[in-house]
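Peer 1: I have a structure here, written as structure tokens, and I will follow up with some questions on it.
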Amino acid sequence: RQAPQMDLQRPQTLAEAQHQAAACRRCGLCEAATQTVWGEGPPDAPLMIVGEAPGDAEDLSGRPFVGPAGQLLREELARAEIGPTWLTNAVKHFKFTPRGKRRLHQNPTRGEISHCRWWLDLEREMVRPKLTVALGASAAFALTGSAAPLTPRRGRIEPATDGGPVLLTWHPSRILRLPTPDQPAARAELAADLATAREVLA
Ligand code: URA
Numbered sequence: 143r144q145a146p147q148m149d150l151q152r153p154q155t156l157a158e159a160q161h162q163a164a165a166c167r168r169c170g171l172c173e174a175a176t177q178t179v180w181g182e183g184p185p186d187a188p189l190m191i192v193g194e195a196p197g198d199a200e201d202l203s204g205r206p207f208v209g210p211a212g213q214l215l216r217e218e219l220a221r222a223e224i225g226p227t228w229l230t231n232a233v234k235h236f237k238f239t240p241r242g243k244r245r246l247h248q249n250p251t252r253g254e255i256s257h258c259r260w261w262l263d264l265e266r267e268m269v270r271p272k273l274t275v276a277l278g279a280s281a282a283f284a285l286t287g288s289a290a291p292l293t294p295r296r297g298r299i300e301p302a303t304d305g306g307p308v309l310l311t312w313h314p315s316r317i318l319r320l321p322t323p324d325q326p327a328a329r330a331e332l333a334a335d336l337a338t339a340r341e342v343l344a
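If you use the working numbering, the sequence shown corresponds to residues 143 to 344, in order.
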């Protein structure tokens, strides 16, 4: 009989954590998703960026932030010259509803976010970032425990439940969902927040 997940030894390294997360069955999202999408970056990165959950492209490739939202984020990170960054998500499996041949993204529930905190907490203990940037409300909830609306909190630094500072900003997918004329202003806010992150880390 296979040992239940809870009996597995607590991972001691990021590689062990990634290996165990690949077999995670803590919530139901693993059933339909292709694979666990673990974080990536230099393990000693001073900055951790936390998104919501992998999307369609990330689910297929196994890497975070490789789809359209990821491209926007990576462009802004390069423009901000932000330096070494650990990129990850609050939830490590893609959540979707099938619609014909397409898979429509669904937001993870608070329950799913809380289950996946096990992995995020491990990642945070091992990477030990000096600063974390939360992209959107799901990441803000995962990190701070507060589900209060993001709009008044955006651009501010709040304490994470583990004590570290978290800068809250827009999720790049939200920017891409805005009407085209509204996108540049929101993108400028994301850029300003990344500039703040750079200053905090300097
Ligand atoms: N959106 C996210 O929140 N994370 C990803 O990895 C990709 C898109």
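The beta-carbon is built from N, C-alpha and C at its ideal position, and this holds for glycine as well.
Check whether the Cβ of His313 sits closer than 8 angstroms to any heavy atom of the ligand URA, and report yes or no.
Peer 2: Yes, the Cβ of His313 comes within 8 angstroms of a heavy atom of the ligand URA.
Peer 1: When the distance is taken between beta carbons, is Pro291 closer than 9 angstroms to Ala281?
Peer 2: Not closer than 9 angstroms, so no.
Peer 1: If we count the other Cβ atoms within 10 Å of its Cβ and call it buried at 16 or more, is Arg152 buried or exposed?
Peer 2: Counting Cβ neighbours within 10 Å, Arg152 comes out exposed, since fewer than 16 surround it.
Peer 1: If the criterion is Cβ atoms closer than 9 angstroms, does the pair Gly193 and Val269 meet it?
Peer 2: Not a contact, by the Cβ cut-off of 9 angstroms.
Peer 1: In the DSSP assignment, what residue or residues form a beta bridge with Gly193?
Peer 2: Answer by DSSP bridge pairing, in chain order: Asn231.
Peer 1: Whose C-alpha, out of Arg329, Glu341, Ala199 and Arg244, is nearest the C-alpha of His235?
Peer 2: Out of Arg329, Glu341, Ala199 and Arg244, Ala199 has the C-alpha closest to the C-alpha of His235.
Peer 1: If you pair each beta-carbon of the region 247-256 with each one of the region 165-175, do three or more pairs fall below 8 angstroms?
Peer 2: With the cut-off at 8 angstroms, the region 247-256 and the region 165-175 touch.
Peer 1: If we ignore side chains and look at the alpha-carbon of each, how far apart do Gly306 and Gly242 end up?
Peer 2: So the alpha carbons of these two residues sit roughly 43 angstroms apart.
Peer 1: Any chance the CB of Val179 is under 8 angstroms from a heavy atom of the ligand URA?
Peer 2: Yes, since a heavy atom of the ligand URA falls inside the 8 angstroms radius drawn around the Cβ of Val179.
Peer 1: Measuring CB to CB, does Arg259 end up less than 9 angstroms from Ala232?
Peer 2: Contact flag set, yes.
Peer 1: Just how far apart, CA to CA, sit Asp304 and Leu310?
Peer 2: Answer to the nearest angstrom: the Cα atoms are 16 angstroms apart.
Peer 1: Excluding the 5 residues flanking Pro184 on each side, which residues of the same chain have their C-beta closer than 6 angstroms to its C-beta?
Peer 2: So the qualifying residues of the chain are Pro226.
Peer 1: Roughly how many angstroms separate the alpha carbons of Glu331 and Ala163, rounded to a whole number?
Peer 2: C-alpha separation (whole angstroms): 33 angstroms.
Peer 1: Can you give the beta carbon distance from Ile191 to Val308, rounded, assuming they're within the 8 angstroms contact cut?
Peer 2: So it is not a contact: roughly 11 angstroms between Cβ atoms.
Peer 1: Could you check if Leu246 is buried or exposed, using at least 16 other CB atoms within 10 Å of its CB as the buried criterion?
Peer 2: It is exposed - the Cβ of Leu246 has fewer than 16 other Cβ atoms within 10 Å.
Peer 1: Could you check if His161 is buried or exposed, using at least 16 other CB atoms within 10 Å of its CB as the buried criterion?
Peer 2: The residue is exposed, with fewer than 16 neighbouring Cβ atoms inside 10 Å.
Peer 1: DSSP beta-bridge partners for Val275?
Peer 2: DSSP, once it has assigned bridges, lists Ile191 and Leu309 as partnering Val275.
Peer 1: Can you find the residues in the same chain that come closer than 8 angstroms, C-beta to C-beta, to Leu189, ignoring five residues on each side of it along the sequence?
Peer 2: Excluding residues within five positions, the ones whose Cβ falls inside 8 angstroms are Ile224, Gly225, Pro226, Thr227, Trp228, Pro271, Lys272, Leu273, Thr274, Val275, Ala339 and Leu343.
Peer 1: Would you kindly report the start and end of the unbroken beta strand (DSSP E) that includes Pro240?
Peer 2: Its beta strand (DSSP E) spans residues Phe238 to Arg241.
Peer 1: Given the structure, does Ala195 come close to the ligand URA, in the sense that its CB is under 8 angstroms from one of the ligand's heavy atoms?
Peer 2: Correct: Ala195 has its Cβ closer than 8 angstroms to the ligand URA.
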